[in-house]
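Student: Have a look at this one before I ask anything.
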Amino acid sequence: MATRHPTAWMGEAYRDLVSKDFDWKLRTLQSASAPRCTVDGKKVIMLCSNNYLNLSTHPKLKAAATSVIEEFGVGSGSVRPIAGNMAIHEELERRVARFKRVEASLVYQTGFATNQGLIAQLADKGDIIISDELNHGSIIDGVRLTKAERGVYPHNDMAGLEKLLKESDGTYQKILVISDGVFSMDGDVAPVKEIVELCERFGAMSYIDDAHGEGVLGEGGRGAASHFHVEGRVTVEVGTFSKAFGVVGGYCAGGKDLRSYAYNKSRSWLLSGSHPPMVAAACIAAIDVLETEPQHVERLWENTRYFKEQMQSIGFDIGRSVTPITPAMCGESAKAVALSKALFAAGVFALPIVFPMVARDKARIRNIVTAGLSRADLDEALRAYEDAGRKVKVL
Ligand SMILES: *Cc1c(COP(=O)(O)O)cnc(C)c1O
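For the numbering used here, add 1 to where a residue sits in the sequence shown, where the first one is 1.
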């Protein structure tokens with residue numbers, strides 16, 4: 002008999018996480034994700050979803066999803082390169098390209114699968130990938146799948162990027178520069194115009210993962226490239242349907258060659274089942290809504306401005322955020338955890354972000370303002386913040 006139990010290590014690893022308080026304590030929604038929802042049996046104001054425009058419950062998206070089920074069923078039956086490429090998938094890609102004002106797009110199952118499958122194919126031995134130090138984990142995983150050299154520049158530091166580009170010029174065959182558009186922990190924005198200009202100067206590819214910028218920044222929510230007036234000049238724009246678009250899925254957008262190359266090469270795309278037709282239908286409806294109902298993006302920014310101003314006047318430090326992602330900085334982890342608990346007791350759902358996700362002394366509550374919150378919802382949340390902030394001595 003073997004003395005080793007094959008899975009004993011799992012329980013040990015888990016208990017180690019618990020002892021350090023690094024384990025995820027999963028919350029359970031008993032309602033739709035909405036401005037007022039039910040979490041762990043309690044009615045709360047939602048302040049931590051990515052559902053920026055509240056499209057996940059928009060009547061047009063629900064109707065679009067239900068209307069295709071009768072005719073097309075609930076699954077696509079295959080991966081897209083074999084028998085799972087439906088007309089509705091291609092229609093969605095044409096709609097994304099039109100919305101983003103670029104030649105073409107390719108839809109993946111998720112934003113994560115987009116980064117993992119695509120970055121892995123954009124650089125190889127003899128090439129270099131240059132990343133912002135705070136890029137999203139799915140970008141890091143994509144980079145890890147390549148044999149390319151890696152360079153990392155300090156967060157949003159364009160002199161640092163330029164230095165790496167100068168050093169790489171002439172040394173590597175291809176240069177790929179990758180940055181988040183909006184950084185999800187701090188809510189700050191990458192200087193996309195400068196990144197694009199530097200890439201153009203050095204003949205490098207630019208890759209902007211705008212998961213938190215699509216539906217939020219730019220004209221009608223067209224994202225960071227629109228916000229910085231560089232539409233059509235970013236080599237690869239990546240977005241997700243799981244945040245402001247309210248559904249699920251990922252995409253890359255850019256030139257025709259990018260699309261053809263990407264679908265022939267990305268393993269996450271080639272080897273994984275395509276979206277159910279109802280998902281594609283709901284995503285198309287989300288683009289329809291963005292193109293015809295500008296009020297959602299407007300409301301999002303009205304709410305964002307109000308919440309940020311009020312949080313600051315109450316005395317909270319909201320860091321360097323310039324988007325609906327609004328941190329309430331707390332310092333040490335224990336304070337952020339205590340503040341979140343006190344907020345929940347007062348009917349506000351907002352989760353702490355602590356080490357190792359951010360530095361030890363940069364623990365915070367991360368709030369995400371959404372369009373569907375009423376002024377009364379925001380005022381109630383702000384009152385809870387003021388009381389709870391005093392109680393746990395963050396204020
Ligand atoms: C959320 C996020 C992703 C993952 O998108 P999914 O579609 O949810 O898989 C990728 N990149 C960034 C920057 C994100 O914030």
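Positions of the beta carbon are idealized from the N, C-alpha and C atoms, including for glycine.
Expressed to the nearest angstrom, what Euclidean distance is found between the alpha-carbon atoms of P36 and E232?
Tutor: Rounded to whole angstroms, P36 to E232 spans 32 angstroms at the Cα level.
Student: If you measure from the CB of G118, is any heavy atom of ligand 1 nearer than 7 angstroms?
Tutor: No, Cβ of G118 sits at least 7 angstroms from all heavy atoms of ligand 1.
Student: R223: buried (16+ other C-beta within 10 angstroms of its C-beta) or exposed?
Tutor: Buried.
Student: At which residue ranges does the region 261–293 contain complete beta strand (DSSP E) runs of 3 or more residues, listed in the order of the chain?
Tutor: Runs found: none.
Student: Rounded to whole angstroms, what is the Cα-Cα separation between P328 and Q311?
Tutor: P328 and Q311: Cα-Cα distance of roughly 13 angstroms.
Student: Using only the alpha-carbon positions, how far apart do I366 and D187 sit?
Tutor: Looking at the two C-alpha atoms, the distance is approximately 11 angstroms.
Student: Which whole-angstrom value is the C-beta distance of Q174 and G127, which I expect to be below 8 angstroms?
Tutor: With a Cβ gap of about 5 angstroms, Q174 and G127 count as contacting.
Student: Following a CB-centred definition, is A9 positioned closer than 7 angstroms to any heavy atom of ligand 1?
Tutor: Incorrect: A9 has no Cβ contact closer than 7 angstroms to ligand 1.
Student: Just the Cα atoms here: how many angstroms apart are V193 and G274?
Tutor: Their Cα atoms are separated by approximately 33 angstroms.
Student: Buried or exposed, going by whether 16 or more other CB atoms sit within 10 Å of the CB of G78?
Tutor: Its Cβ having fewer than 16 others within 10 Å, G78 is exposed.
Student: By the three-class DSSP mapping on this structure, what secondary structure does N51 have?
Tutor: N51 falls in the coil class under three-state DSSP.
Student: If we ignore side chains and look at the alpha-carbon of each, how far apart do A283 and K63 end up?
Tutor: One C-alpha to the other measures close to 7 angstroms.
Student: Can you say whether K101 is buried or exposed, counting buried as having 16 or more other CB atoms within 10 angstroms of its CB?
Tutor: So K101 counts as buried.
Student: Over what stretch of residues does the alpha helix (DSSP H) that includes A105 continue unbroken?
Tutor: Looking at the DSSP string, A105 is not in any alpha helix (DSSP H); the run it does join, the beta strand (DSSP E), is 105–109.
Student: Is there at least one non-hydrogen atom of ligand 2 closer than 7 angstroms to the beta-carbon of D142?
Tutor: The ligand content of the structure shown is limited to ligand 1, which means ligand 2 is not among them.
Student: DSSP puts M330 in a beta bridge; with which residues?
Tutor: Looking at the DSSP assignment, M330 forms a beta bridge with R365.
Student: So T241 packs on G250, CB below 8 angstroms; how close in whole Å?
Tutor: Correct: roughly 7 angstroms between the Cβ atoms.
Student: Do you know offhand how far I315's Cα is from S20's?
Tutor: If you take the alpha carbons of I315 and S20, they lie about 35 angstroms apart.
Student: When you measure from the CB of S185 to every non-hydrogen atom of ligand 1, does any distance come out below 7 angstroms?
Tutor: Checking every heavy atom of ligand 1 against the Cβ of S185, one is found closer than 7 angstroms.
Student: Comparing C-alpha positions only, which one of Y208, G152, Y53 sits nearest to I179?
Tutor: The option with the nearest alpha carbon to I179 is Y208.
Student: Could you please give me the residues that DSSP links to D190 through a beta bridge?
Tutor: Checking the sequence shown, residue 190 turns out to be Val, not Asp. The partner list for V190 (beta bridge, DSSP) reads V183.
Student: Take N116 as the anchor and find which of L340, Y264, V80 has the nearest alpha-carbon.
Tutor: Selected option, being the one with the closest Cα: Y264.
Student: Keeping to the same chain, check which residues put their C-beta closer than 7 angstroms to that of G118; ignore five residues upstream and five downstream.
Tutor: Within the same chain, G118 has close Cβ partners Y109, S267, R268, S269, W270.
Student: Which residue comes first and which comes last in the alpha helix (DSSP H) that contains S169?
Tutor: From DSSP, the alpha helix (DSSP H) with S169 extends over 159–169.
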